[in-house]
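Peer 1:
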Amino acid sequence: MLALRRLPRYATRLTHVRGNSTLEAASAQASAPSPPPVTAKTATPPPAQEAASEEPTEPITQTEQTKGKQRKWPTRRPSISLERPREWSRPIAKGVEPAYDYALRYILRDAQFVRKELEELQAKVQAEEAKPEGERDVAALEQLREKMRILEIQSEVNLPDVRWKARNGMADFSKPIYRHLVEQRWREEGDLDLLMERIYQMKVVPDLLPELHPSFDLRIRYLEPPPKNNYLRTRVKRKLRQVEPGIFLLPEQTRRPPEIYTTLFHTDTRLYTLLMVDLDVPNPDTQSFTTYLHWMQPNIPLSAFTTSPTVPLQAHTPYVPPHPHRNTPYHRYVLLVLPQASASEPIDVPVLQESDRLGFDFRVFAAQYGFDGARGGGAHMWREVWDETVSHIYKFTLKQEEPRFGKMPKPDPYAELKSKKKYL
Amino acid sequence: MKQSCKTVTLACVQQVFNAEFQNLFSTSAPTSVRLLAVLKARPAVIMSSSLLAVSKQKLALRVSQTSVRYIGRQESGGDPKNDIIRRALYPSNIRNRPSPVGSWRPDVGRRLQRAIPSVQAHETIERAWFLHQRHVRRARASELQRKFESVRNAMETLRLVAPDLYVEANKEEDPRARSPAETDLLKKLKGPEKKAVEARIRGLFPRELRTPTDTPPRNGWTYDFTPIVRPS
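Here the protein sequences come in this chain order: A and B.
Counting in UniProt numbering, the first sequence runs from 1 upward without gaps.
Counting in UniProt numbering, the second sequence runs from 1 upward without gaps.
Rendered as structure tokens:
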């Protein structure tokens with residue numbers, strides 16, 4: 001954390017000048033630029049010199065740096081979570097910024113007042129609930145409950161430690177304030193916007209379903225692409241990497257089903273259905289495109305406390321790896337996790353056979369089982385293009401003849417002329 | 001040894017230190033303490049080199065810098081056309097002094113860091129300020145609401161008690177309306193006095209207000225101004 005103190009007029013010690021350093025080293029150290037300003041995302045203290053920008057230092061210290069191989073250490077976020085929490089501390093010391101000290105006192109006082117109001121309201125609600133069924137004013141009770149929800153958030157939303165915890169992996173989803181802050185971040189700080197931009201630009205919305213308004217954050221991880229160095233292709237263990245919506249993936253990255261991470265904002269457990277559809281399978285009969293269902297799993301229970309689905313996902317219609325056909329334009333693959341019509345009643349969907357997967361009509365399926373993109377859910381999409389791996393998939397996974405697509409041969413307008421003699 | 005170092009260099013400081021205070025301080029004391037002693041003993045020495053470096057350092061706020069730098073100087077003599085074209089295609093991007101119009105200043109990074117030492121602190125201050133504004137707005141709105149309610153209740157009471165007075169009280173007043181006494185007065189007045197009576201309409205902007213100008217009026221300030229009293 002960039003914690004600055006008001007330095008005295010002649011400072012004896014500077015934070016980055018060590019006591020036993022010489023004047024030359026001190027000047028060289030001082031001329032190196034200070035660590036970059038703290039962004040809201042990385043509010044944790046960056047390591048001392050690693051986070052500092054890599055601008056060239058004085059020639060005096062260069063020799064020390066070029067000792068040994070210059071390796072690029074990949075930076076990692078510290079593993080902070082609710083199990084390994086960190087305590088919030090003030091970003092700047094008392095007295096450095098009087099406005100901050102006053103703001104903190106103001107916020108704490110306001111939080112106290114709101115909490116008192118909330119307690120009074122809670123007492124009122126309890127008194128109302130204690131009355132027998134007939135005497136209760138249901139509408140007033142509902143209004144009081146709504147006000148309570150608002151006050152619960154208002155009492156803590158300005159507290160800096162709560163906001164810091166919500167941003168740094170310590171959001172306790174049993175408390176409404178953390179659910180509110182995390183949802184606000186997902187909705188307003190770009191993640192949802194990016195997903196919807198890709199979905200609308202790739203025309204997933206009119207092609208697959210008429211409306212899609214995601215209600216929770218769905219993230220997936222597929223294998224990372226192979227290393228550029230061919231020698232390392234089979235010698236380096238590939239890790240999973242988060243997929244940005246809309247990017248191109250290689251068929252070899254999507255051989256295995258992805259890891260799915262969900263961040264929902266309702267505490268009750270509801271049932272969802274997962275579907276993965278390819279929107280651009282060519283259909284020579286209609287000279288157009290049709291859909292292919294790669295994966296389906298209904299009746300997945302999800303809530304704010306499930307970070308990823310707990311039930312096995314290959315139990316219904318198992319995952320078939322994406323196989324974009326040769327000589328076709330890129331294929332769009334959409335992963336949807338939609339809420340079922342009833343939150344607690346499991347639906348009975350017949351397992352789709354291979355013949356039913358091709359030409360899968362999502363709109364008919366949704367109408368039959370009551371799925372609606374406007375009611376919420378989670379979505380993701382990516383794109384893929386043919387690769388030699390697809391031939392491999394056809395041969396060994398699908399065990400089918402690989403179809404090849406192309407344009408119809410053009411009729412030669414000079415065929416007749418060619419057969420005749422030109423010169424008599 | 002007299003050294004009038006107005007601007008301090010490393011050599012200057014070292015000379016002073018070496019010549020005068022070497023025997024007074026042990027070698028085990030850290031350099032910074034020795035520097036402090038030097039600074040305390042010689043107030044003419046302004047700053048140590050490390051402090052100078054700190055104050056001169058440009059805080060990198062992720063300013064993207066191109067690898068090629070163009071200078072903006074004019075080539076003396078010759079054809080100005082090529083020069084103009086070159087300056088249009090390759091404007092000067094050497095940032096070593098503030099631009100005359102103020103569109104680029106080199107100390108912005110440092111000043112921003114000083115003003116906003118921490119993003120979290122900035123956010124907290126902003127939230128507290130908006131919260132305060134919200135409270136003020138709420139208080140103002142609720143006070144206005146209370147006053148409105150009290151006037152409405154009073155009017156309701158008046159309606160029940162004295163309906164004809166209620167009708168009178170409900171009549172909307174036309175602020176531009178002129179009473180007969182006022183129209184008679186207007187016929188007698190001339191010039192600026194007439195303007196003064198015509199200009200002031202209750203509830204509207206006073207039209208006789210002098211338009212603000214860059215320069216003061218030629219006739220100066222009217223010290224012996226007497227306002228016209230409207231009859232109504």
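By construction, the Cβ of each residue, glycine as well, lies at the ideal position given by its N, Cα and C atoms.
Could you confirm whether any beta carbon from chain B is found closer than 8 Å to the beta carbon of A:Leu-104?
Peer 2: Answer yes: the Cβ-Cβ gap between A:Leu-104 and chain B drops below 8 Å somewhere.
Peer 1: List in chain order: all unbroken beta strand (DSSP E) runs of 3+ residues lying wholly within the segment 140-210 of chain A.
Peer 2: You should have found no qualifying run.
Peer 1: Straight-line CA distance for A:Glu-244 to A:Thr-310?
Peer 2: Cα-Cα distance, rounded: 23 Å.
Peer 1: At which residues does the beta strand (DSSP E) containing B:Ile-84 begin and terminate?
Peer 2: Run containing B:Ile-84: none in the beta strand (DSSP E); it sits in the alpha helix (DSSP H), 80-89.
Peer 1: Inspect the beta-carbon positions of A:Leu-240 and A:Ala-379 and report whether they are closer than 8 Å.
Peer 2: Not closer than 8 Å, so no.
Peer 1: Could you name the residues of the segment 97-122 of chain B whose beta carbon sits closer than 7 Å to any beta carbon of chain A, in the order they occur along the chain?
Peer 2: Result list: Gln-113, Pro-117, Ser-118, Val-119, Gln-120, Ala-121.
Peer 1: Are the beta-carbon atoms of A:Arg-233 and A:Pro-226 separated by less than 8 Å?
Peer 2: Their beta carbons are under 8 Å apart, which means A:Arg-233 touches A:Pro-226 by this criterion.
Peer 1: By how many angstroms is the C-alpha of B:Arg-134 removed from the C-alpha of A:Ala-130?
Peer 2: Taking the straight line joining both Cα atoms gives about 35 Å.
Peer 1: Let me make sure I understand the geometry here. Which of B:Gly-77, B:Ile-84, B:Pro-91 has the alpha-carbon closest to that of B:Tyr-70?
Peer 2: When only C-alpha atoms are compared, the closest one is B:Pro-91.
Peer 1: For A:Pro-403, which residues of its own chain have a beta-carbon under 7 Å away from its beta-carbon, when the five flanking residues on both sides are left out?
Peer 2: Result list for A:Pro-403: His-325, in chain order.
Peer 1: If you measure between the beta carbons of B:Arg-200 and B:Pro-192, is that distance less than 8 Å?
Peer 2: Taking 8 Å as the Cβ cut-off, B:Arg-200 and B:Pro-192 do not qualify as a contacting pair.
Peer 1: If you run the structure through DSSP and keep just helix, strand and coil, what is A:Gln-49?
Peer 2: Summary for A:Gln-49: the model assigns pLDDT 35, below 50, so the residue's position carries little reliability; its value from the coordinates is reported in the next sentence. It is coil, neither helix nor strand.
Peer 1: Going by alpha carbons, who is nearest to A:Asp-372 out of A:Ser-342, A:Gln-242, A:Trp-73?
Peer 2: If we check each option's Cα against that of A:Asp-372, A:Ser-342 comes out closest.
Peer 1: So, is A:Met-296 buried or exposed, given that buried needs 16 or more other C-beta atoms within 10 angstroms?
Peer 2: By the 10 Å Cβ count, A:Met-296 comes out buried.
Peer 1: From the DSSP output, in three-state form, read off A:Asp-101 for me.
Peer 2: Three-state DSSP puts A:Asp-101 in a helix.
Peer 1: Leaving out the 5 sequence neighbours to the left and right, which residues in its chain are closer than 8 Å to A:Glu-147 when beta-carbon positions are compared?
Peer 2: Per the sequence shown, residue 147 of chain A should be read as Lys rather than Glu. For A:Lys-147, where only same-chain residues beyond five positions count, the Cβ hits under 8 Å are Leu-121.
Peer 1: Under 8 Å Cβ to Cβ from A:Thr-307, same chain only, skipping five residues before and after it: list those, please.
Peer 2: Hits under 8 Å: Tyr-261, Thr-262, Thr-263.
Peer 1: Please list, in chain order, the residues of the segment 145-166 of chain B that have any C-beta partner in chain A closer than 7 Å.
Peer 2: Those would be none; no residue qualifies.
Peer 1: Hey, how far is the Cα of B:Thr-211 from the Cα of B:Lys-195?
Peer 2: Straight-line Cα distance between these residues: approximately 15 Å.
Peer 1: I'd like to know whether the C-beta of A:Asn-158 is nearer than 8 Å to at least one C-beta of chain D.
Peer 2: In the structure shown, chain D cannot be found, because the protein chains are A and B.
Peer 1: Identify which residue in A:Phe-216, A:Arg-198, A:Arg-90 has its Cα closest to the Cα of A:His-266.
Peer 2: Nearest C-alpha to A:His-266: A:Phe-216.
Peer 1: A:Asp-280 and A:His-331: beta carbons closer than 8 Å?
Peer 2: A contact, by the Cβ cut-off of 8 Å.
Peer 1: Could you tell me if B:Leu-112 is buried or exposed, where buried requires 16 or more neighbouring beta carbons within 10 angstroms of its beta carbon?
Peer 2: Burial call: exposed.
Peer 1: Less than 8 Å between CB atoms is the rule here; does A:Ala-171 satisfy it with respect to chain B?
Peer 2: Not an interface residue.
Peer 1: Assign B:Asn-219 to one of three DSSP states: helix, strand, or coil.
Peer 2: B:Asn-219: coil per DSSP, three-state reduction.
Peer 1: Does DSSP put B:Val-45 in a helix, in a strand, or in coil?
Peer 2: For B:Val-45, the predicted model reports a pLDDT of 39, less than 50, meaning its position is unreliable; a value from the coordinates is still stated below. Coil.
Peer 1: Does the beta carbon of A:Ile-107 come closer than 8 Å to any beta carbon on chain B?
Peer 2: Yes, A:Ile-107 lies at the interface with chain B (some Cβ there is under 8 Å from its Cβ).
Peer 1: Taking C-alpha atoms, which residue in A:Leu-336, A:Asp-191, A:Ser-89, A:Ile-153 lies nearest to B:Gln-120?
Peer 2: Minimum Cα distance to B:Gln-120 is reached at A:Ser-89.
Peer 1: To the nearest angstrom, how far is the alpha carbon of A:Val-157 from that of A:Val-182?
Peer 2: Whole-angstrom Cα-Cα distance: 11 Å.
Peer 1: Please state if the CB of A:Gln-242 and the CB of A:Arg-256 are separated by a distance shorter than 8 Å.
Peer 2: No.
Peer 1: Can you look up B:Lys-40 in the DSSP assignment and give me helix, strand or coil?
Peer 2: Caution applies to B:Lys-40, whose pLDDT of 46 falls short of 50 and renders its modelled position unreliable; the value that the coordinates give is listed next. Note: B:Lys-40 maps to helix in three-state DSSP.
Peer 1: How big is the Cα-Cα spacing for A:Lys-210 and A:Trp-382?
Peer 2: The question names Lys, yet the displayed sequence has Pro at residue 210 of chain A. Going by the C-alpha atoms only, they are around 19 Å apart.
Peer 1: What is the rounded straight-line gap between the Cα of B:Met-47 and the Cα of B:Arg-110?
Peer 2: In this predicted model, B:Met-47 has a pLDDT of only 42, less than 50, meaning its place in the structure is not dependable; the value taken from the coordinates is given anyway. Going from the Cα of B:Met-47 to the Cα of B:Arg-110 covers about 19 Å.
Peer 1: How would you label B:Ile-85, buried or exposed, when you count the other beta carbons within 10 angstroms and need 16 or more for buried?
Peer 2: B:Ile-85 should be labelled exposed.
Peer 1: Listed in chain order, which residues of the segment 309-321 of chain A have Cβ atoms closer than 7 Å to some Cβ of chain B?
Peer 2: The residues in question: there are none.
Peer 1: At the 8 Å Cβ level, is B:Ala-37 part of the contact set with chain A, yes or no?
Peer 2: The predicted position of B:Ala-37 is uncertain, since its pLDDT is 43 and thus under 50; a value taken from the coordinates is nonetheless stated next. By this cut-off, B:Ala-37 is not an interface position.
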